[in-house]
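Report on one structure; see the data block that follows.
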Amino acid sequence: MSVKDFGAVGDTVLSGGAFVGTDDTDAFQEAIDYAIANNIALDMPAGGYRITRGLTATFSGEQRGLLIQGASAGNLLGRTGSFLAMGDIPGQDALSVTAGNAQSFLCIEGVTFLGSGGTGHGIHCQNASYVKLRRCVLRDFAAAGKAAVRFTGTSDGFVGVTDIAECTFQANRHGVWVHGDNANMFTFLANKFLDHLDAAMLFGAPGAVQQNRGVVLLGNTFEGNVRDFRSHSSLHGLSILGGYIENNNATHRAPRIDIGVGGANPSSSCVTIEGVTFQKILSQPGDALILLDGVDKGSIRRNFNAAGVNQDRWHILGTNCTDVEFDLPHSPPGLTPPYPVQMSRTGPPNTVTYLSSSSSEHLVPLADLRIMGSGEAYPGANTTTTTRAFWSRLMSEVRIEFDITLGAKSPSSTGYASIGGMPFVFRGIGPRRFELDSATGISGTGPFHLRIAENTNFATIHNQDGTQVDLPTQVSQGARLKGSLVYPTN
Numbered sequence: 003m004s005v006k007d008f009g010a011v012g013d014t015v016l017s018g019g020a021f022v023g024t025d026d027t028d029a030f031q032e033a034i035d036y037a038i039a040n041n042i043a044l045d046m047p048a049g050g051y052r053i054t055r056g057l058t059a060t061f062s063g064e065q066r067g068l069l070i071q072g073a074s075a076g077n078l079l080g081r082t083g084s085f086l087a088m089g090d091i092p093g094q095d096a097l098s099v100t101a102g103n104a105q106s107f108l109c110i111e112g113v114t115f116l117g118s119g120g121t122g123h124g125i126h127c128q129n130a131s132y133v134k135l136r137r138c139v140l141r142d143f144a145a146a147g148k149a150a151v152r153f154t155g156t157s158d159g160f161v162g163v164t165d166i167a168e169c170t171f172q173a174n175r176h177g178v179w180v181h182g183d184n185a186n187m188f189t190f191l192a193n194k195f196l197d198h199l200d201a202a203m204l205f206g207a208p209g210a211v212q213q214n215r216g217v218v219l220l221g222n223t224f225e226g227n228v229r230d231f232r233s234h235s236s237l238h239g240l241s242i243l244g245g246y247i248e249n250n251n252a253t254h255r256a257p258r259i260d261i262g263v264g265g266a267n268p269s270s271s272c273v274t275i276e277g278v279t280f281q282k283i284l285s286q287p288g289d290a291l292i293l294l295d296g297v298d299k300g301s302i303r304r305n306f307n308a309a310g311v312n313q314d315r316w317h318i319l320g321t322n323c324t325d326v327e328f329d330l331p332h333s334p335p336g337l338t339p340p341y342p343v344q345m346s347r348t349g350p351p352n353t354v355t356y357l358s359s360s361s362s363e364h365l366v367p368l369a370d371l372r373i374m375g376s377g378e379a380y381p382g383a384n385t386t387t388t389t390r391a392f393w394s395r396l397m398s399e400v401r402i403e404f405d406i407t408l409g410a411k412s413p414s415s416t417g418y419a420s421i422g423g424m425p426f427v428f429r430g431i432g433p434r435r436f437e438l439d440s441a442t443g444i445s446g447t448g449p450f451h452l453r454i455a456e457n458t459n460f461a462t463i464h465n466q467d468g469t470q471v472d473l474p475t476q477v478s479q480g481a482r483l484k485g486s487l488v489y490p491t492n
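For any residue, its number in our numbering is found by taking its place in the sequence shown, counting from 1, and adding 2.
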């Protein structure tokens, strides 16, 4: 049946910055109620339908299933095809879906939802699952704390088994916001998220206890958003495969993060980010393309840094991660890449593995890796070096082999000086203890050990008997390294 069978006119147009036309609210609500009660599809012919209060779709008992078919193409042509035009309806959602049995089987295809910047969501699904959106456009739901599509659920409810494909989200506060425990199995395919005022895709909220499982993003485009993907929940089984991110984070609070996962208790696990292109990303020192906070078992592989990434921006910014493997993003010749990795901890040590494409030995040039203490930036020991690689106690649990030029604090100067002007070779022999194979220029009897102090941000040189070497008295936090880290392969 058609909404016009219930008296909807569909003659709304935009005139003088406002929607003008017949109020189709009552006809639309009657059509939705009838379609749910009788389990029939609802046709929405091309045209503009003005609503002046929020619509509701309520499923109870054995009632389930609502299919609304419109004539929109899911692109930015806006006021063409089939569109719902909202006035400024304070505190009301364009469509509120409530399913007491948590199985709504809601499907909306080819419908454009146009907000007015009011204080409601576009589509709000409460304890509703088996939701499908296809070729829809949702625009201008921009009030603080609101989203074009929001999913909420109680602790004993179930939200999920949801597919959103070929839709366009533009100029909202959030495009999609999933806020509820036990919200699982979401798939997002070939959608566009444009010009959002906060995270275009958001899971959870700061401080909320929430777990979500089975979230898959395939080939989505993000452009001009303040943030792109952000999860405050415990995500288990997140896959971001392919996709394109451009011109984001133009104006908002630091740090600027494009893909952010974690920060929840318990931590997230089984996170895969692969084949994503980052293009013309604005940044400031301390920003990152990918944030991992408390991620256990992650794989960050084969991503592409296309152009215009500030060199002070991190590829991966990690805290409290375990069993995370990564390779470095590919960049075109002549482009200065971002800092590849920063890992810090406030709890157990990070364990990260660099996967080399050319060697089975898991080597990473230290010029391509930067490890730092928790929230602290270590300056370079020598301002003339182009190497952005640093060693810290946080990596003491892995075996390393490298050449190191130690920039030591001079007793008579606030600057840095090399030790005898010579490089020294250290070979890892255990946690926080590294044998010095060559020590030309250092006073002492040797052989020497490089000890990484457990509760400090610097290392010291000691004789074999444990006495500290006379000169220098302290190795700089900014000791620059050359060579390769060798990670265990087992």
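No residue lacks a Cβ here, since even glycine has one placed at the ideal position from N, Cα and C. In this text the structure is predicted, and so the values were computed from the model without any measurement.
My output table needs one value for residue i: the three-state DSSP class, helix, strand or coil.
i: A10; result: coil
i: I42; result: coil
i: Y132; result: coil
i: Q71; result: strand
i: A514; result: As shown, the chain starts at 3 and ends at 492. That puts residue 514 outside it, with no answer to give.
i: S270; result: strand
i: Q172; result: strand
i: T27; result: helix
i: V218; result: strand
i: V211; result: coil
i: V180; result: strand
i: V5; result: helix
i: S233; result: strand
i: N305; result: coil
i: L291; result: strand
i: A192; result: coil
i: G198; result: The sequence given here has His at residue 198, not Gly. H198 falls in the coil class under three-state DSSP.
i: H123; result: coil
i: G56; result: coil
i: C109; result: strand
i: S62; result: coil
Just to confirm before moving on: does the CB-CB distance between residue i and residue j stay below 8 Å?
i: R229; j: D200; result: yes
i: F205; j: I247; result: no
i: L140; j: F107; result: no
i: G93; j: G50; result: no
i: A101; j: F61; result: yes
i: D95; j: G122; result: yes
i: G265; j: H234; result: yes
i: V5; j: L44; result: yes
i: S74; j: C138; result: yes
i: A130; j: V151; result: no
i: H181; j: A207; result: yes
i: G300; j: V273; result: yes
i: M3; j: I42; result: yes
i: E276; j: N307; result: no
i: S510; j: S269; result: This structure does not reach residue 510, given that the chain is present from 3 up to 492, and the question cannot be answered.
i: G72; j: G112; result: yes
i: D25; j: R52; result: yes
When the Cα atoms are used, what is the spatial distance from residue i to residue j?
i: L69; j: A149; result: 22 Å
i: A145; j: I302; result: 34 Å
i: V178; j: T164; result: 12 Å
i: D298; j: L191; result: 25 Å
i: T189; j: R55; result: 30 Å
i: A290; j: Q213; result: 24 Å
i: V263; j: D7; result: 47 Å
i: V15; j: F328; result: 51 Å
i: A167; j: L135; result: 6 Å
i: N186; j: S271; result: 14 Å
i: R232; j: E225; result: 15 Å
i: A10; j: D35; result: 14 Å
i: D295; j: C127; result: 29 Å
i: A59; j: I125; result: 10 Å
i: K494; j: T223; result: The requested residue 494 is not part of the displayed model; the chain covers only 3 to 492.
i: T324; j: I292; result: 16 Å
i: C109; j: I38; result: 12 Å
i: N174; j: R215; result: 25 Å
i: D260; j: N227; result: 9 Å
Which residue or residues does DSSP assign as beta-bridge partners of residue i?
i: L116; result: A87, R141
i: D494; result: Residue 494 falls outside the range modelled here, since the chain spans only 3 to 492, and no answer is possible.
i: Q94; result: BP columns for Q94 are empty, so no partner.
i: A20; result: S17
i: H317; result: H317 pairs with nothing; no bridge assigned.
i: A185; result: V161
The ligand HEM heavy atoms versus the CB of residue i: any closer than 7 Å?
i: L44; result: The model on display carries no ligand, and the ligand HEM is accordingly not part of it.
Using a Cβ-Cβ cut-off of 8 Å, state whether residue i counts as contacting chain B.
i: N193; result: Absent here is chain B; the protein component of the structure consists of one chain.
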